[in-house]
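From first to last, the protein sequence lines are chains A and B. Per this note's numbering, residue 8 is the first one in the first sequence, and the count goes up by one each step. Per this note's numbering, residue 8 is the first one in the second sequence, and the count goes up by one each step. What follows is a short report on a single structure.
2 protein chains.
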Amino acid sequence: MNIGQASEQTGVSAKMIRYYESIGLLPSAARRANGYRDYSEQDVAVLQFVRRTRDLGFSLEEVSALLALWTDKKRPSREVKRLAETHIADLERRMREMRAVMKTLRQLAQHCHGDERSDCPILDDLAKPRAPGAKRTRRH
Amino acid sequence: MNIGQASEQTGVSAKMIRYYESIGLLPSAARRANGYRDYSEQDVAVLQFVRRTRDLGFSLEEVSALLALWTDKKRPSREVKRLAETHIADLERRMREMRAVMKTLRQLAQHCHGDERSDCPILDDLAKPRAPGAKRTRRH
DNA sequence: CTGCACCTTCCCACAATGGGAAGGTCAACA
DNA sequence: TGTTGACCTTCCCATTGTGGGAAGGTGCAG
Numbered sequence: 008m009n010i011g012q013a014s015e016q017t018g019v020s021a022k023m024i025r026y027y028e029s030i031g032l033l034p035s036a037a038r039r040a041n042g043y044r045d046y047s048e049q050d051v052a053v054l055q056f057v058r059r060t061r062d063l064g065f066s067l068e069e070v071s072a073l074l075a076l077w078t079d080k081k082r083p084s085r086e087v088k089r090l091a092e093t094h095i096a097d098l099e100r101r102m103r104e105m106r107a108v109m110k111t112l113r114q115l116a117q118h119c120h121g122d123e124r125s126d127c128p129i130l131d132d133l134a135k136p137r138a139p140g141a142k143r144t145r146r147h
Numbered sequence: 008m009n010i011g012q013a014s015e016q017t018g019v020s021a022k023m024i025r026y027y028e029s030i031g032l033l034p035s036a037a038r039r040a041n042g043y044r045d046y047s048e049q050d051v052a053v054l055q056f057v058r059r060t061r062d063l064g065f066s067l068e069e070v071s072a073l074l075a076l077w078t079d080k081k082r083p084s085r086e087v088k089r090l091a092e093t094h095i096a097d098l099e100r101r102m103r104e105m106r107a108v109m110k111t112l113r114q115l116a117q118h119c120h121g122d123e124r125s126d127c128p129i130l131d132d133l134a135k136p137r138a139p140g141a142k143r144t145r146r147h
């Protein structure tokens, strides 16, 4: 089947399918005489695997590792579990950070009257030097 | 003061200060005879404002809007509050998504025995077509 | 044969940030 | 005085995923 059909069946855009192939996440697709990529049901299954793991927030690098584990019939399930748990821990850390930020923001918003008047505790507070312990955390 | 001092006092890297200036988030800094940027206490206050709003997860675009509201003495506080609340709602949405994903992942991890054996329900499950209602949500 | 929908590759853009090269400047110290 | 090292300057490149679009080939339906 053409890349368009494969895209439709998996929810992965044609653009991304080509990109995944170009970076080596996926093996080179079979080609037909006219140069069009040709996808089998097997290929579609792999794309669905990628789609699903991406939906769960795994990075392409992690997807790649999971894919390798998936196709390696002899790997121990321990590795898979470790990957999943690392990812869960990461999500937990990010959620803790977000909770703290939301708490601050809610407090700020609560004290802002939000009307025609121009004095606004939110802005006053934002202008202060940063809170102790605030970190340069990169969200991904 | 030099950009290095300004960076140290605000926690914004010199690289980023120059970048913020280049994209127009900050006005062009004053220059000394030798071409070095020269920062006043006022400038440092603005940088601290930026730093703090960034820490709270506002995008540069949102920071830009907040900065404009901050320096416009006549703006109604309603606008600021709306921006903050939009941001809070966005964080809440993302946290809901993350919670759902974590629930799925925890269930998967729980059923994976995680030992030497190779059969692994995580991978089996990931290989299935995506769950109904799964969306292509962009995290930022 | 024409038109349209598809495919191909290639380059550009985004958000924010860091890395580093190549070169100018300044202060301190021998 | 000269050198050294810590600054500063601009400029380009990489990152992570994704989309947009150009320029050109293909295939099918009317």
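Built from N, CA and C at the ideal position, the CB exists for glycine as well.
If you run the structure through DSSP and keep just helix, strand and coil, what is residue i?
i	result
residue 40/A	coil
residue 126/B	coil
residue 45/A	strand
residue 53/A	helix
residue 79/B	coil
residue 110/B	helix
residue 19/A	coil
residue 133/B	helix
residue 35/A	coil
residue 63/A	coil
residue 8/A	coil
residue 30/A	coil
residue 118/B	coil
residue 147/B	Only weak support is given to the placement of residue 147/B: the predicted model assigns it a pLDDT of 37, under 50, and the value that follows is read from those uncertain coordinates. DSSP places residue 147/B in coil when its eight states are reduced to three.
residue 90/A	helix
residue 139/A	Any answer about residue 139/A is weak, because its pLDDT of 42 lies below 50 and its placement is not dependable; what the coordinates show is given next. Of the three classes helix, strand and coil, the one that applies to residue 139/A here is coil, per DSSP.
Which residues in chain B sit within 8 Å of residue i, going by Cβ to Cβ distance?
i	result
residue 71/A	Residues of chain B passing the Cβ test: none, with the nearest at roughly 13 Å.
residue 83/A	122, 123, 124, 125
On a CA-only basis, which of the options is nearest residue i? Give me that one, please.
i	options	result
residue 80/A	101/B, 25/B, 124/B, 30/B	124/B
residue 42/B	8/B, 55/B, 68/B, 32/B	8/B
residue 119/A	113/B, 90/B, 17/B	90/B
residue 33/A	62/A, 107/A, 18/A, 75/A	75/A
residue 92/A	63/B, 49/B, 114/B, 14/B	114/B
residue 62/B	107/A, 56/A, 68/A	107/A
residue 87/A	112/B, 70/B, 22/B, 16/B	112/B
residue 133/A	127/B, 38/B, 128/B, 52/B	52/B
Tell me, to the nearest whole angstrom, how far the beta carbon of residue i is from that of residue j; I am working on the premise that it is less than 8 Å.
i	j	result
residue 85/B	residue 122/A	6 Å
residue 98/A	residue 102/B	Not quite, the Cβ-Cβ distance comes to about 10 Å (not below 8 Å), so this is no contact.
residue 24/A	residue 14/A	6 Å
Residues of chain A with CB under 7 Å from residue i, in chain order?
i	result
residue 92/B	116
residue 52/B	134
Who are the neighbours of residue i on chain B, taking C-beta pairs under 7 Å?
i	result
residue 8/A	In chain order: nothing, as chain B lies at least about 16 Å away.
Counting only Cβ pairs nearer than 8 Å, list the residues of chain A close to residue i.
i	result
residue 112/B	63, 91, 94, 95, 98
Using a cut-off of 9 Å between C-beta atoms, extract the partners of residue i located in chain B.
i	result
residue 130/A	56, 73, 76, 77, 84, 87
Which residues, in order along the stretch 22 to 46 of chain B, keep a beta-carbon less than 9 Å from a beta-carbon of chain A?
Answer set for the stretch 22 to 46 of chain B: empty.
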